[in-house]
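What follows is a set of notes on a single structure, which appears directly below.
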Amino acid sequence: MDYIKFFHFFKADARARYFLLGICIMGTAFGFYYYEWQLRISPLYYWPLIPDSPFFTLMFVFVLAAYSIGKRSNLFDTFTFIGLNKIGFWTLFVLMYDFDYYFSPDTRVFRSVLFLLHIGMILCSFTLLRDIKRPKINKMGLLLTVFLITDYFDYIVGTHPYLNTPRVDVIGWAALVLTLSCWGFVWLINAEHIPKKV
């Protein structure tokens, strides 16, 4: 089975798309609620940098909504694709890296739900694969710069989500590797599978 075509169905088919849109709206609302305490104790000017997961699921909601009215932006789709994958894989890594803490008897059910939700983020990104093509080099540079700036603020300034581990440096390096890997994946996208129309 062509997995790109399979996942694209959930964006192309109206009923599947609206179902996915509803799920993502609920997931986004939960995500912002999850970050409520950190937003409450953080300066207002840091707020756009804090709720990574719900921010990118919200971007995906915008992608689906735009698609529903026949609109799309290749650059915005690419930005969303990179973000969903980076934050999705980053969260899975963090949960597994400090497994004993996050999956303690008191929290394992909740963390298991978080684990599955972030797998869902990654799967949502696959619905974009058929339509996106690699942006021009200046736009690719812009995307890389944006994600590197967010990494800087997360691990140098300290806007990252609360982490139990004292090895924040390990988590930071993992984030950088994921930034470069997800961006690099888009760079290597095989254009023959991507429509030329933007």
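FYI, the numbering for the sequence shown is 19 to 216, going by my numbering. Quick reminder that beta carbons are idealized off the backbone N, C-alpha and C, glycines included. Keep in mind the model is a prediction, meaning the values are calculated, not measured.
Residue i: which of the options sits nearest, CA to CA?
i: isoleucine 68; options: Met44, Thr177 and Gly202; result: Thr177
i: lysine 151; options: Pro179, Asp95 and Tyr173; result: Asp95
i: leucine 38; options: Met158, Val186, Arg185 and Ser143; result: Ser143
i: leucine 135; options: Thr163, Ile105, Asp118 and Asp124; result: Ile105
i: glycine 190; options: Lys29, Asp172, Tyr21 and Arg90; result: Asp172
i: phenylalanine 165; options: Thr145, Leu206, Phe99 and Arg185; result: Phe99
i: alanine 193; options: Ser86, Tyr170 and Asp31; result: Tyr170
i: isoleucine 174; options: Asp187, Glu54 and Tyr120; result: Asp187
i: valine 204; options: Trp65, Arg185 and Asp149; result: Asp149
Ignore the nearest five residues each way along the sequence and tell me which others in residue i's own chain have a CB closer than 7 angstroms to its CB.
i: valine 195; result: none
i: leucine 93; result: Pro153 and Lys157
i: serine 86; result: Arg35
i: threonine 145; result: Phe25, His26, Phe28 and Lys29
i: valine 79; result: Leu39, Cys42, Ile43 and Thr46
Can you name, in chain order, every residue of its own chain whose Cβ lies under 6 angstroms from the Cβ of residue i, other than the five neighbours on each side?
i: leucine 132; result: none
i: methionine 139; result: Leu102 and Gly106
i: arginine 90; result: Ala84
Note down, one range per segment and in chain order, each alpha helix (DSSP H) of at least 4 residues found wholly within the stretch 138–173.
155–170
Runs of alpha helix (DSSP H) wholly within the stretch 41–117 (minimum 4 residues, chain order)
Counting only runs of 4 or more residues that sit fully inside the stretch 41–117, the alpha helix (DSSP H) segments are 54–58, 70–86 and 92–115, in chain order.
Hey, is the stretch 26–37 in contact with the stretch 64–80, meaning 3+ C-beta pairs nearer than 8 angstroms?
With the rule of 3 Cβ pairs closer than 8 angstroms, the stretch 26–37 does not count as touching the stretch 64–80.
Inspect the CB distances between the stretch 178–198 and the stretch 97–113 and report whether three or more fall short of 8 angstroms.
yes
Would you call the stretch 75–88 and the stretch 37–55 in contact, with 3 or more CB pairs under 8 angstroms?
Yes, the stretch 75–88 touches the stretch 37–55.
Could you name each continuous alpha helix (DSSP H) segment of 4 residues or more that falls completely within the stretch 176–207, going from the start of the chain to the end?
186–205
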